[in-house]
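**Student:**
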Amino acid sequence: MKRGNKTQPAWNPAPCHWWGLAIALIVGSLPHLARLPVPLTLIWLAMIGWRVARGLKNQPPPAALVKFAVIALSLVLLVMSYGSLVGREPGTAMLVLMGALKMFELQQRRDAYVVIFLAIFLTAVSGLFHQSLLAMVYALLACWLIIAIWQSIAFPKPATAWRALLASTGKWLLQAIPLMLVLFILFPRIPGPLWRLPGDAHSGMTGLSGQMEPGTISNLAQSDAVAFRVKFLGDAPPPSQRYWRGPSFELTNGKRWWHRDSINNLPINATPPQVIPSGSGVKYSVLLEAHNQRWLFMLDMPGHNQPLGHQQPTLDWQLDYDLHNRIQYEATSWIDYKIKSEDTNTLAYNTSVPYPISHRMKALIGEWQQQANRTEDIVKSALRFFNQEPFFYTLTPPLLGDDPADEFLFETRQGFCEHYASSFTLLMRAAGIPARVVTGYQGGELNAFDDYLIVRQADAHAWAEVWLPEQGWVRVDPTAAVAPERIERSIDLGLQRRGEPVNFVLDETTALLRSWRQAQLAWDAVNHRWNQWVIGYGPDRQQTFLRNLGFPDVSWRGLTIAMTLVFGVFVALLAWWLLRRQTLETDAALRLYQQFCRKLERIGLARRADEGPLDYLARIEQARPDLATRSRRITQLYTAHRYGRGQNQVQLAQLKRAVADFRPRAA
0 MKRGNKTQPA WNPAPCHWWG LAIALIVGSL PHLARLPVPL TLIWLAMIGW RVARGLKNQP
60 PPAALVKFAV IALSLVLLVM SYGSLVGREP GTAMLVLMGA LKMFELQQRR DAYVVIFLAI
120 FLTAVSGLFH QSLLAMVYAL LACWLIIAIW QSIAFPKPAT AWRALLASTG KWLLQAIPLM
180 LVLFILFPRI PGPLWRLPGD AHSGMTGLSG QMEPGTISNL AQSDAVAFRV KFLGDAPPPS
240 QRYWRGPSFE LTNGKRWWHR DSINNLPINA TPPQVIPSGS GVKYSVLLEA HNQRWLFMLD
300 MPGHNQPLGH QQPTLDWQLD YDLHNRIQYE ATSWIDYKIK SEDTNTLAYN TSVPYPISHR
360 MKALIGEWQQ QANRTEDIVK SALRFFNQEP FFYTLTPPLL GDDPADEFLF ETRQGFCEHY
420 ASSFTLLMRA AGIPARVVTG YQGGELNAFD DYLIVRQADA HAWAEVWLPE QGWVRVDPTA
480 AVAPERIERS IDLGLQRRGE PVNFVLDETT ALLRSWRQAQ LAWDAVNHRW NQWVIGYGPD
540 RQQTFLRNLG FPDVSWRGLT IAMTLVFGVF VALLAWWLLR RQTLETDAAL RLYQQFCRKL
600 ERIGLARRAD EGPLDYLARI EQARPDLATR SRRITQLYTA HRYGRGQNQV QLAQLKRAVA
660 DFRPRAA
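Sequence positions in the sequence shown follow numbering that gives the first Met the number 0 and run 0 to 666.
Structural data, given as C-alpha cells:
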C-alpha cells in the first residue's frame, strides 16, 4: 500500500494474532450481543469468521465491491432493526458492527490497533447499560486480556510467551490502581451528568407509571428487579405495615386511572391536607433505583417535612425531574396517623363515577347501605363480599370488556391487585364515599447480612383509600380480603402458571435451598455496598467522606489542589522506585561480573584497569582455552544485561548461576 511517497510493507500476522484479534472483539462485544438483533449478530459473526479463515490461509482481505456490499447490508439491517442510527441502542450496535467491519478489511498492523481500540471502547460502553459489581469485574478482566493481545501484536513474541504477556499486562493494571483511586476519590463531582444521554438511554427502566389499568401492576409484578432498598434507623415495621406509597389516582374512565397531574386546572385543592401523626415516627434511608418517573416511595404515611422532592395534594411525593440515576434519601413516616381535613371539592371529585353503574352493582350497594349504620359498615361489607365470594388472585386474569368493574365483580372474579383496588374504589364512590386508588409497593425482604430491606418490582401493589369523617383518608386493601398471604409473603415468580392463582414464597425446607438463598442475599449485600460507595459516590457523599478524612476544603479549588499534590507525590515516588530498581539491578550484574573477575585473578589472570569485558574475554580465551566457553557465556550475559535494551531478570538469574558454577583452577 502506498501513501504519498512511502510504501508500507505488508503485514503478515501469525495465526495466534488472528485468533487474538477475534477474541478481543468477542470479549469487547459480548455484553452487547444479547441486545443485538439476530440478523446483525449473524452478519457480525460472519465477518469475523470469514476474515480469520482467510487470514489463517494468508489470503488478502475481500475485494472492495464485497466490502461495500457488506457495509450497505449492515446499515440497512441496522436501520430496519432500530429505525434510526441515533440513540444508545443503535449507536452501540453500530460500534459493534464497526469492529467487525474493521476486522473484515484488516491488512495492516495499524488496522489491528484500531480493532483493539474498538474492543476496549466497547468494553467501556457497556457501562451505559450495566453498572453492577459483576459488570465491573468483567470489564477489568476484558481489558486485561485485550491489552495483552495488543502487546503481543505490538511486540511480537513466541506463542509460548502468553503467560509472560498476561503477567506484564496485569502489572500495568495493578500499577494504575493507585492513580484510579486518587481520581475516583478526589476528582470533583458535579450534581448532574457531564453530557446528555440519547433519548432512548432510559427506555429499559421499569417502575410504576402515572396511570393504571388492568395488567399494569400484574405485568410489573412479574419482574424480580430491585425497585429500592431501605435501611431502617430502628426496628423495621412488620410486613402488614410495609406499604410504600407511590402515585395516587383520582381520575378514571372506568377502566384506566390517572394521576391528577394529567389534567390541568382541576377544581380541587392544590395543597396536601394536614397529617396528624400519633406515636413515634419510623426513620429510614432509601436507595432508589432509576425508574424514569418522578415518584419517590415512602412508608405510608410520610410527613410534610421530607428532605427531597415535594408532596402532592394526594399525599404522594415527587421529584421535579424524571429519575434517570440511582438516588439516596432519608425520610420519616408514621404508622398511626389521622388526616385533619380535606378540601370539599376534592372529596366531591372523589365520589364521581365515569358512567352510570350497572344494575347489579346498584343492587349490591343498596343491600350494603340498608344494613349499614355508619360509613365504616359499607367498607366492611365490601371487604366481606370479596372474602366470601369465589374470587381468586392471579397474575393472568381474563380480559375485560366495556364495563370492566361489573364483569370482574360478577362474572370473571379473577384478577390481580389493580382489579380489586379499582373495583372497590368504584363501589365506594357509587355508595357516596370518597375513594381513590393508591399504587406503590407492599412488603419487602429483610437481608440480615447488612440489615436492610429489599423491595422488588414483584412487590408492586395497588390498594384503596376511603375518606371517613372521623379519621380522614384511611387505607383499605381489598386484596388482603382475597389473598391475605400477599401481605405477609412475596410472590414466587418461579411457580406461576397462566390462569392459576398466585403462589407465594414459602420458607425453604431443605438445607440446599436455604444455602442458595443465603448466598443470593450475601451477594445482594455486596452489590448494595457497591451501589452506595461506588455508583452512588456523588457530590454529597464525596464531601462527607473527605470531611471524615480531615480535608478542610472540599470545594472545587480544594479538591483540585489536593488531587494535584497527591498525583505529584505518587509520580515522584514511582519515578524514585523505578530508578532505584534499575540501579540495583545494574549494580547486581556488575557485582556478579566483579566476582567472576576475582576468581580469575586468583589463578593469575587479573583484569587490567584499561581492559573492557570483550578485550578481557579475548585474553582469557588465548591464555586458557579450557575456560573459554564458560567465560564467554558469563561475559555475554553480563554485557546483554548491562548494555542491552532494558533489564532482564531471566538474564540476571542465569548470570548468577553461571558465576556460582564457575570454579577455575590454576594451570
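Each residue gets a CB set at the ideal place from its N, CA and C atoms; glycine is no exception.
In this text the structure is predicted, and so the values were computed from the model without any measurement.
Closer than 8 Å is the cut-off here; do at least three beta carbon pairs connect the segment 207 to 222 with the segment 415 to 426?
**Tutor:** yes
**Student:** State the DSSP-derived secondary structure class of His527, mapped to helix, strand or coil.
**Tutor:** helix
**Student:** Mind checking His179: buried by the 16 CB within 10 Å criterion, or exposed?
**Tutor:** Sequence check: residue 179 is Met here, not His. Exposed is the call here.
**Student:** Report the option in Pro14, Gly54, Ala289 whose CA atom is closest to the CA atom of Ile534.
**Tutor:** Checked all of Pro14, Gly54, Ala289; the closest Cα to Ile534 is Ala289.
**Student:** Check the Cβ-Cβ distances between Gln519 and every residue of chain B, and say whether any is below 9 Å.
**Tutor:** Of the protein chains in the structure, only one exists, and it is not chain B.
**Student:** Report, in whole angstroms, the separation of the C-beta atoms of Ser380 and Trp367, which I expect to be a contact under 8 Å.
**Tutor:** 4 Å
**Student:** Does Gln650 come out as helix, strand or coil in the three-state DSSP assignment?
**Tutor:** In the structure shown, Gln650 sits in a helix (DSSP, three-state: H, G or I).
**Student:** Is it the case that the Cβ atoms of Trp43 and Ala111 are separated by a distance below 9 Å?
**Tutor:** The answer is no: Cβ separation not under 9 Å.
**Student:** Per DSSP, what kind of secondary structure is Thr251 in: helix, strand or coil?
**Tutor:** It is a strand residue.
**Student:** Relative to the alpha-carbon of Gln441, which residue among Gln470, Val465, Ile432, Val475 has its alpha-carbon at the smallest distance?
**Tutor:** Val475
**Student:** If you scan the segment 33 to 99 from start to end, which runs of the alpha helix (DSSP H) of 4 or more residues do you find wholly inside it?
**Tutor:** 37 to 55, 63 to 81
**Student:** Among the candidates His640, Ala665, Arg664, whose CA atom is the shortest distance from the CA of Lys655?
**Tutor:** His640
**Student:** So what does Asn446 bridge to, in DSSP terms?
**Tutor:** Tyr451
**Student:** Going by DSSP in three states, Met300 sits in which element: helix, strand or coil?
**Tutor:** coil
**Student:** Mind reading off the beta-carbon distance from Arg631 to Leu616? Whole number of angstroms is fine, and I expect it under 8 Å.
**Tutor:** 6 Å
**Student:** Taking 9 Å as the threshold (C-beta atoms), are Pro38 and Leu76 in contact?
**Tutor:** Yes, these two residues count as a Cβ contact at 9 Å.
**Student:** Using 10 angstroms around the beta-carbon of Thr563, count the other beta-carbons present and answer buried if the total reaches 16, otherwise exposed.
**Tutor:** exposed
**Student:** Nearest by alpha-carbon distance to Arg629: which of Phe154, Ala657, Tyr642 is it?
**Tutor:** Of the listed residues, the one whose Cα sits closest to Arg629 is Ala657.
**Student:** Among Gln107, Leu139, Leu133, Ser131, whose alpha-carbon lies nearest the alpha-carbon of Ala118?
**Tutor:** Leu139
**Student:** Please classify Thr350: does DSSP put it in a helix, a strand, or coil?
**Tutor:** coil
**Student:** For Leu64 and Ile47, I'd like the C-alpha separation in whole angstroms.
**Tutor:** 18 Å
**Student:** Taking C-beta to C-beta, are Ile326 and Leu298 nearer than 9 Å?
**Tutor:** No, the Cβ-Cβ distance between Ile326 and Leu298 is not below 9 Å.
**Student:** Can you tell me whether Tyr642 is buried or exposed, with buried defined as 16 or more other CB within 10 angstroms of its CB?
**Tutor:** By the neighbour-count rule (16 or more Cβ atoms within 10 Å), Tyr642 is not buried but exposed.
**Student:** Indicate the three-state DSSP secondary structure (helix, strand or coil) for Ser332 in the structure shown.
**Tutor:** strand
**Student:** Alpha carbon to alpha carbon, how far is Val568 from Arg109? Give it in angstroms, no decimals.
**Tutor:** 36 Å
**Student:** The beta strand (DSSP E) with Leu286 in it runs from where to where?
**Tutor:** 281 to 287
**Student:** Ser277 by DSSP, collapsed to three states: which one?
**Tutor:** strand
**Student:** Under the rule that 16 or more other beta-carbon atoms within 10 Å means buried, what is Asn4, buried or exposed?
**Tutor:** Confidence in Asn4 is poor, its pLDDT being 45 and thus under 50, which makes the residue's placement unreliable; the coordinate value appears in the next sentence. Exposed is the call here.
**Student:** Answer yes if the segment 344 to 355 comes into contact with the segment 418 to 435, meaning at least three C-beta pairs across the two stretches below 8 Å, and no otherwise.
**Tutor:** yes
**Student:** What are the start and end residues of the alpha helix (DSSP H) that includes Thr438?
**Tutor:** Run containing Thr438: none in the alpha helix (DSSP H); it sits in the beta strand (DSSP E), 434 to 441.
**Student:** According to DSSP, simplified to helix, strand and coil, what is Gln327?
**Tutor:** strand
**Student:** In whole angstroms, what is the alpha-carbon distance linking Leu41 and Gly82?
**Tutor:** 19 Å
**Student:** In terms of residue numbering, what span does the beta strand (DSSP E) encompassing Ala459 cover?
**Tutor:** 459 to 467
**Student:** Tell me the DSSP bridge mates of Ile338?
**Tutor:** Per DSSP, Val274.
**Student:** Report back the beta-carbon spacing between Ala226 and Gly209 to the nearest angstrom; my notes put them in contact at under 8 Å.
**Tutor:** Not confirmed; about 16 Å, so no contact.
**Student:** Is it buried or exposed, Trp149, if we count other Cβ atoms within 10 angstroms and call 16 or more buried?
**Tutor:** Counting the other Cβ atoms within 10 Å of the Cβ of Trp149 gives 16 or more, which makes it buried.
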